[in-house]
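2 protein chains.
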Amino acid sequence: MITGRADAIPGLATAFRLHGYEGASLAAITRHTGLGKGSLYNFFPGGKEEMANAVLDEVGLWFETHVYRSLQNQDVPAAERLTSMAGAVEEYFSSRHLVCLYGSFALGQERERFAQQIAGYFTAWIQAITEALPGPAQEAEALATDFVATVQGALILARALDDPPVLHSTVARSLRHLTSLAGPDKAR
Amino acid sequence: MITGRADAIPGLATAFRLHGYEGASLAAITRHTGLGKGSLYNFFPGGKEEMANAVLDEVGLWFETHVYRSLQNQDVPAAERLTSMAGAVEEYFSSRHLVCLYGSFALGQERERFAQQIAGYFTAWIQAITEALPGPAQEAEALATDFVATVQGALILARALDDPPVLHSTVARSLRHLTSLAGPDKAR
DNA sequence: GACCACTTGTACCGATCGGTAAAGGCGCGT
DNA sequence: ACGCGCCTTTACCGATCGGTACAAGTGGTC
Numbered sequence: 016m017i018t019g020r021a022d023a024i025p026g027l028a029t030a031f032r033l034h035g036y037e038g039a040s041l042a043a044i045t046r047h048t049g050l051g052k053g054s055l056y057n058f059f060p061g062g063k064e065e066m067a068n069a070v071l072d073e074v075g076l077w078f079e080t081h082v083y084r085s086l087q088n089q090d091v092p093a094a095e096r097l098t099s100m101a102g103a104v105e106e107y108f109s110s111r112h113l114v115c116l117y118g119s120f121a122l123g124q125e126r127e128r129f130a131q132q133i134a135g136y137f138t139a140w141i142q143a144i145t146e147a148l149p150g151p152a153q154e155a156e157a158l159a160t161d162f163v164a165t166v167q168g169a170l171i172l173a174r175a176l177d178d179p180p181v182l183h184s185t186v187a188r189s190l191r192h193l194t195s196l197a198g199p200d201k202a203r
Numbered sequence: 016m017i018t019g020r021a022d023a024i025p026g027l028a029t030a031f032r033l034h035g036y037e038g039a040s041l042a043a044i045t046r047h048t049g050l051g052k053g054s055l056y057n058f059f060p061g062g063k064e065e066m067a068n069a070v071l072d073e074v075g076l077w078f079e080t081h082v083y084r085s086l087q088n089q090d091v092p093a094a095e096r097l098t099s100m101a102g103a104v105e106e107y108f109s110s111r112h113l114v115c116l117y118g119s120f121a122l123g124q125e126r127e128r129f130a131q132q133i134a135g136y137f138t139a140w141i142q143a144i145t146e147a148l149p150g151p152a153q154e155a156e157a158l159a160t161d162f163v164a165t166v167q168g169a170l171i172l173a174r175a176l177d178d179p180p181v182l183h184s185t186v187a188r189s190l191r192h193l194t195s196l197a198g199p200d201k202a203r
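Chains as they are written, first to last, in our numbering: chain L, 16 to 203; chain S, 16 to 203.
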């Protein structure tokens, strides 16, 4: 255990995922974390905003170490890196109620409060994909943006239709647009 | 004026768009509609849930008359119908804070309460596009699903990056996937 | 065992939540 | 002018909101 905060973050994350930022009442947070208000305000004196910041940072760190970094691994062909990135992202959201916290926060009016972190998350993701793609940067960035948007939309659609497999099928098709550019020699 | 309800719906819609379902307090709703609580509960005895239902119905009706129906107009080539559909959708969300109410509701825990209407909205949209596309239905439905997901994701991305043009550029590229299938024989 | 820093439970705060009740205003048909 | 029905205002309800204060634990160090 590094800090008492760290143990609370998974519970905080599910609370924010299930209820959104504004909808996550302290009562719901104590339920999901198993911690009383006293403990929560001991670890996060800044209240709900600090809790949300800690969760966002943790999610951002996970993507940085598991997604962006492996996208830069030059020992593996680009198409393969992109495919494993897509798989990791699918698995991540599938086991987390099909909710991207950054996407959820971007939709609410809490967007302004966390604007920098939200924008930073998506630009980092898009940039990591862009750098793994060959060809002119402008075209690669467009493809990367389309992929990220499709993932976010597929999450919404999977929840809206109450049909989790929609995430995989949609992301798989979007991934093909990336790999067909990254691996023309590798394909077939 | 058909009913007193109708006049309140635009204000209700922006209230729900800006604050989400749970975040839209009655105080915020009175602010956006200019109506007091008494008037609101006179028009919507069922409270917030009935207000949200009325707004969702109105949005669904708009899409039905402006989007789905024009997609069925056989007098116009399919590619052109799809293009004007994309333009209408872009314009619709651009002038409404880049928020799709159904997408917003799908993300929160209010999803269960409005599950049927949410699922119905997206299936109707996907089906309308599917029927405007040639070729095997399964393939067309996949393309239609990708388009709808991309629109939803582009909305999130445009808000997340605080960059409204992202909606147009992303949707335009996604539209090309549809028209390239619909247009080769019909085009020109 | 005394001490101390950290953690926890509990009581409490003013503000706001969604919703209700009822009295008064208003326009309209007669 | 009158009565009637719809609409609006206003006051109020209990519950819950995010946040604070503080006393009582808790475990480790000498």
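Beta carbons: idealized from backbone N, C-alpha and C, even for Gly.
- Linking Tyr117(S) to Leu71(S) through their CA atoms gives a straight-line distance of about 7 Å.
- Here the alpha carbons of Leu33(S) and Gln124(L) stand approximately 6 Å from one another.
- It is roughly 25 Å from the alpha-carbon of Met100(S) to the alpha-carbon of Leu176(S).
- Gly61(S) and Ala21(S) have their alpha carbons spaced roughly 16 Å apart.
- Only Ile133, Ala134, Tyr136, Phe137, Thr138 and Ile141 from the segment 131-144 of chain L bring a Cβ to less than 9 Å from some Cβ of chain S.
- Using a CB distance cut-off of 8 Å, Asp72(L) does not count as an interface residue toward chain S.
- Pro149(L) sits in coil when the DSSP states are folded into three classes, being neither helix nor strand.
- Residue contact check for Arg126(L) against chain S: a CB pair falls below 8 Å.
- The continuous alpha helix (DSSP H) containing Ser119(L) extends over residues Leu116 to Leu122.
- One finds Leu122 in chain L with Cβ atoms closer than 7 Å to the Cβ of Ser119(S), taken in chain order.
- At least 8 Å separates the CB of Ile24(S) from every CB of chain L.
- Comparing alpha carbon positions, the residue from Val181(S), Gln167(S) and Ile24(S) closest to Ala173(S) is Val181(S).
- Within the segment 20-51 of chain S, the complete alpha helix (DSSP H) runs of at least 4 residues fall at 41-48.
- Close partners of Asp177(S) in chain L (Cβ separation under 7 Å): Ala130 and Ala134.
- In the DSSP assignment, Thr18(L) falls outside any alpha helix (DSSP H), carrying neither H nor E.
- In the DSSP annotation of this structure, Glu79(S) is not part of any alpha helix (DSSP H), being labelled neither H nor E.
- At a cut-off of 8 Å between beta-carbon atoms, Ile44(L) makes no contact with chain S.
- Residues of the segment 147-164 of chain S that bring their beta carbon within less than 8 Å of a beta carbon in chain L comprise Ala157, Thr160, Asp161, Val163 and Ala164, in sequence order.
- Less than 8 Å divides the Cβ of Ala197(S) from the Cβ of Ala147(S).
- Each of Ala93(L), Trp140(L), Phe59(L) and Phe120(L) was checked against the Cα of Leu76(L), and the nearest Cα belongs to Trp140(L).
- With its beta carbon at least 8 Å from every one in chain L, Arg111(S) lies outside the interface.
- For Val181(L), the enclosing alpha helix (DSSP H) stretches over residues Pro180 to Ala197.
- Put simply, the CB of Val114(L) is near chain S, with a gap under 8 Å to one of its CB atoms.
- Within a 10 Å sphere around the beta-carbon of Lys63(L) sit 16 or more other beta-carbons, which makes this residue buried.
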